[in-house]
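Right, one structure below, let's go through it.
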Amino acid sequence: AAQGVWPDTGRSVLLAWTLAEGEDHDSWQAFLEQLLEMGISPENGLALLIADGSGGFRSAYESRYWMVPLQRCVFHKLRNMADALRTPAGLDRQAARQYRTDFLRQAAQIWQADDETEARLRFQAFCQQWQSLQPKAVAALSRDFDLTLTFYAVQEQAASQGQVWPAHTLRTTSPLERSFREFRRRFRNAVLFHSHGGAIAAMAQVA
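Going by the working numbering, the sequence shown opens with residue 250, and the numbers climb by one from there.
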């Protein structure tokens, strides 16, 4: 699915979706071609693409939308770090939960920096602090890290044109994730869709 966001107003609209067997290159390429045919392009105001770390998407993006800056979703980056995090032995459940929360909050502060230079300094300090304690989580952070900072340049470009684009509208795919949560709720209630059309109708109701 693709969600369109207008950063100056905060408006968001579910633009398109498709049912696919998976998230491989061919599936993503077909979907991106659908978006191009709809006129979703730089010529019509497209300034940024925000995506998770799907390998299929990345290769399709490079062949179809290479001219558009790509932002790696910070929410998914933090989730990958959480999956890689190992809580120290001996902590009870509450202490372990607090450890994870503090770790991820500190990581999130990287992208709350006022500019890209400060964000990179925070990244370096975070890695130095946690490399020996949480090497897998730091590796998850470092992977494609540069792509998580794309929004800073897009913000600067908008500012040069007299526009203010809030960072929270440029860093994550959160509006799309909210739509997905509603679709998953409907899917759980339905248990099973008996036809392709039924699934499409459910998605249309979310949109």
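Where a beta carbon is used, it is the ideal one built from N, C-alpha and C, also for glycine.
Quick check: the Cα distance between residue i and residue j, rounded to an integer number of angstroms?
i, j, result
"SER261", "GLY253", "5 Å"
"TYR314", "GLY288", "12 Å"
"LEU353", "PHE324", "11 Å"
"GLY304", "VAL413", "32 Å"
"LEU281", "SER290", "10 Å"
"ALA416", "PHE400", "7 Å"
"GLY411", "ARG335", "45 Å"
"ASP257", "LEU340", "45 Å"
"TYR300", "ALA251", "It should be pointed out that residue 300 corresponds to Ala in this sequence rather than to Tyr. Cα-Cα distance, rounded: 9 Å."
"SER308", "ALA296", "19 Å"
"TYR310", "LEU284", "12 Å"
"LEU398", "GLN358", "13 Å"
"GLN347", "SER312", "43 Å"
"GLU292", "ASN329", "34 Å"
"TRP277", "VAL403", "24 Å"
"LEU382", "THR422", "30 Å"
"SER409", "GLN361", "21 Å"
"LYS385", "ALA279", "34 Å"
"CYS376", "MET316", "31 Å"
By DSSP's criteria, residue i is part of a beta bridge. Which residues make up the other side?
i, result
"SER261", "VAL254"
"GLN321", "The sequence shown places Arg at residue 321, not Gln. Paired residue(s): ALA300."
On the DSSP letters alone, give me the boundaries of the alpha helix (DSSP H) that residue i sits inside.
i, result
"ALA389", "384-391"
"ARG420", "No alpha helix (DSSP H) contains ARG420, which DSSP labels as neither H nor E."
"GLN343", "342-357"
"ALA407", "399-409"
"LEU285", "274-286"
"TRP379", "365-379"
Measure how close the beta-carbons of residue i and residue j come, nearest whole angstrom, since I'm counting them as under 8 Å.
i, j, result
"ALA356", "LEU396", "With a Cβ gap of about 16 Å, ALA356 and LEU396 do not count as contacting."
"ALA389", "ALA333", "4 Å"
"GLY259", "THR366", "That belief does not hold up - the Cβ atoms of GLY259 and THR366 are roughly 27 Å apart, past 8 Å."
"ALA331", "ARG349", "7 Å"
"GLY302", "ASP393", "7 Å"
So does residue i have its beta carbon nearer than 7 Å to some heavy atom of the ligand GTP?
i, result
"ARG260", "The ligand GTP is absent from the structure shown, which contains no ligands of any kind."
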